[in-house]
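As you go down the protein sequences, you meet chains A and B in turn.
Numbering-wise, full-length UniProt numbering puts 155 at position 155 of the first sequence, and it's gapless, one number per residue.
Numbering-wise, full-length UniProt numbering puts 219 at position 219 of the second sequence, and it's gapless, one number per residue.
Here the structure comes first, spelled out in structure tokens, and everything after it is commentary.
Number of protein chains: 2
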Amino acid sequence: MPARRTRGQRAGLTRQAVLEAALALVDREGLQALSMRRLGNELGVEAMTLYNHVANKEALLDGLVEQIVLSVAPPQLDASSWQAGMRDFAHALLTALRAHPDVIPLVVSRPATTAPNLHVLESTLRSLHESGFPAHRALDVVYSVTNFVVGHAATMSAQNATEQDTDDDQPGPLLDLDADEFPFLTAAMRVEPRIGAQGRFDFALEAMLAGFEAARTSASAPEPGPDRRREQP
Amino acid sequence: MPARRTRGQRAGLTRQAVLEAALALVDREGLQALSMRRLGNELGVEAMTLYNHVANKEALLDGLVEQIVLSVAPPQLDASSWQAGMRDFAHALLTALRAHPDVIPLVVSRPATTAPNLHVLESTLRSLHESGFPAHRALDVVYSVTNFVVGHAATMSAQNATEQDTDDDQPGPLLDLDADEFPFLTAAMRVEPRIGAQGRFDFALEAMLAGFEAARTSASAPEPGPDRRREQP
DNA sequence: CGGCGCAAACATACGCCGTAAGAAAAAGCG
DNA sequence: CGCTTTTTCTTACGGCGTATGTTTGCGCCG
């Protein structure tokens, strides 16, 4: 039953309301369930009505990632430990993404460079600068942490998605692979996968933060070393 | 002109040919240009014909990420320096992703757990294990590096996309932001953005590898420390 | 209080999409 | 050559995003 209103009374529909309904719909039924007609039904309104509040579907999707990005508290950095602040920020961002896993593909492909986000970024850069990072390195740190969090969240959500295709909930190996064929892989996945993902996240995050700290304290860059990368022309 | 053949001669169409044409089309005109009808035209064939070689559009998209993943050489690890091998692997993966930026959203949302990929993963895990990582930490390392690379590639491609919306090629600030409002941000972006992105990638990658090396050499885990994260219930 | 302007909501229509179902054509094979 | 098998084409259905034009009811001004 599509939330009908007695015909004639106005909805007072709002961009915010549209975005919230869209986010709820995506959380409930996935990205592919989000169509203008469907979202209209959800709000008791015709599809075209939504165009009074969002320019088009692209803008609606942009609005979804905006909702998520704005929901995470900006990094709180005191000069004593920039690492603690970045760690909290990374965890908060991961939590926000995990709360809306179906939006992650959107977050990945849409840069969130709205004005409020840029201000958050600017203040974070200032804090990191006061902690001893040169400006461009501060940007490196912020970008790297967010990139890492987003990539990790994407991988985790993709795995959860395929894991739900086989809809049995016994805790056995979700990817049933031959222990003889993949001994190390099976050994590595023996740990409870949920803890494993979180543990991996913490492990790599600590490694990154430690690496950044090492780069910060040493004036000379700790750059590549013997580098044999290849690059496209 | 849609590559017509004189009616009657057969194409000898192949799954591989379909995937290559699809990848070329996506590279040329973006993900949204990839439809079964359009891809059929590209190959001089009706849309439904494609279903003889791919089960449905989902499978075709899976095939696209498969193409990319298989195109990057597996990590070559000699016991002397696991870091060099992982660094090369990261660079190769980044290069492959940057060659097909429009496929990145697909790579992000589709776990590439096909049999050949699992074998590559297994052999990488063995090498890392021989370098002194416990099995689960080896998995952490591989996952973290790939997550990081994918996240970084996604961010870079998203930025390049918005940067092309304003189609002027003067090298000025691609995100024209007020230097008074965002002093640190503008300072940080003063470096040539192309080099900046690559430099940031190398910087963070080295930090991660250094952090992993530190974790490997110390038996005691270098875990979080004073942790004030919050988590959803 | 009455009418009117205007923004919000509705209704219709167009050209796309993915793909199910069946006809037709080509290719292999005795 | 006829028969089977596989590939390709044709048609059709429901759903999509949205351009376009009409209706509706609230708030304001006289």
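Beta carbons: idealized from backbone N, C-alpha and C, even for Gly.
Bear in mind that the values here come from a model prediction, so they are computed numbers and not experimental data.
Check residue i in the structure and name its three-state DSSP category.
i         : result
Asp-168/A : With a pLDDT of 43 at Asp-168/A, under the threshold of 50, the modelled position of this residue cannot be trusted; read the value that follows with caution. Coil, per DSSP.
Asp-102/B : helix
Leu-185/B : helix
Arg-28/A  : helix
Asp-180/B : coil
Ala-135/A : helix
Arg-110/B : coil
Arg-190/A : coil
Gln-76/B  : coil
Ser-144/B : helix
Leu-19/A  : helix
Ala-217/A : The amino acid at residue 217/A is misidentified as Ala; the sequence shows Thr. Here Thr-217/A sits in helix by DSSP.
Ser-81/A  : coil
Gly-12/A  : coil
Met-156/A : helix
Leu-94/A  : helix
Leu-205/A : helix
Strictly below 7 Å CB to CB, what residues from chain A border residue i?
i         : result
Arg-200/B : Asp-140, Tyr-143 and Ser-144
Ala-207/B : Met-208, Gly-211, Phe-212 and Ala-215
Ala-204/B : Asp-140, Ser-144 and Met-208
His-129/B : Phe-184
Glu-108/B : It is worth fixing the name first, because residue 108/B is Val in this sequence and not Glu. In chain order: Pro-105, Val-108 and Ala-154.
Which stretch, first to last residue, makes up the alpha helix (DSSP H) that contains residue i?
i         : result
Glu-130/B : 115 to 130
Find the residues of chain B that neighbour residue i, judging by a C-beta separation of less than 8 Å, and give them in chain order.
i         : result
Val-150/A : Gly-151, Ala-154 and Thr-155
Val-191/A : His-136
Asn-147/A : Phe-148, Gly-151, His-152, Ala-154, Thr-155 and Ala-204
Strictly below 9 Å CB to CB, what residues from chain B border residue i?
i         : result
Leu-185/A : Leu-118, Leu-121, Glu-122, Leu-125, Ala-135 and Leu-139
Gly-196/A : His-136, Leu-139 and Asp-140
Listing by chain order, which chain A residues have their CB less than 8 Å from the CB of residue i?
i         : result
Gln-16/B  : Correct list: empty, because the minimum Cβ distance to chain A is about 22 Å.
Ala-188/B : Leu-125, Ala-135, His-136, Ala-138 and Leu-139
Which chain B residues sit within Cβ distance under 7 Å of residue i?
i         : result
Gln-159/A : Pro-111
His-100/A : The premise fails here: His-100/A is roughly 11 Å from chain B at the closest Cβ pair, so nothing lies under 7 Å.
For the ligand ADP, any of its heavy atoms closer than 7 Å to the Cβ of residue i?
i        : result
Ala-33/B : No copy of the ligand ADP appears in this structure; indeed no ligand is present at all.
Uninterrupted alpha helix (DSSP H) stretches inside the region 36 to 73 of chain A (no shorter than 4 residues): 36 to 42 and 57 to 71
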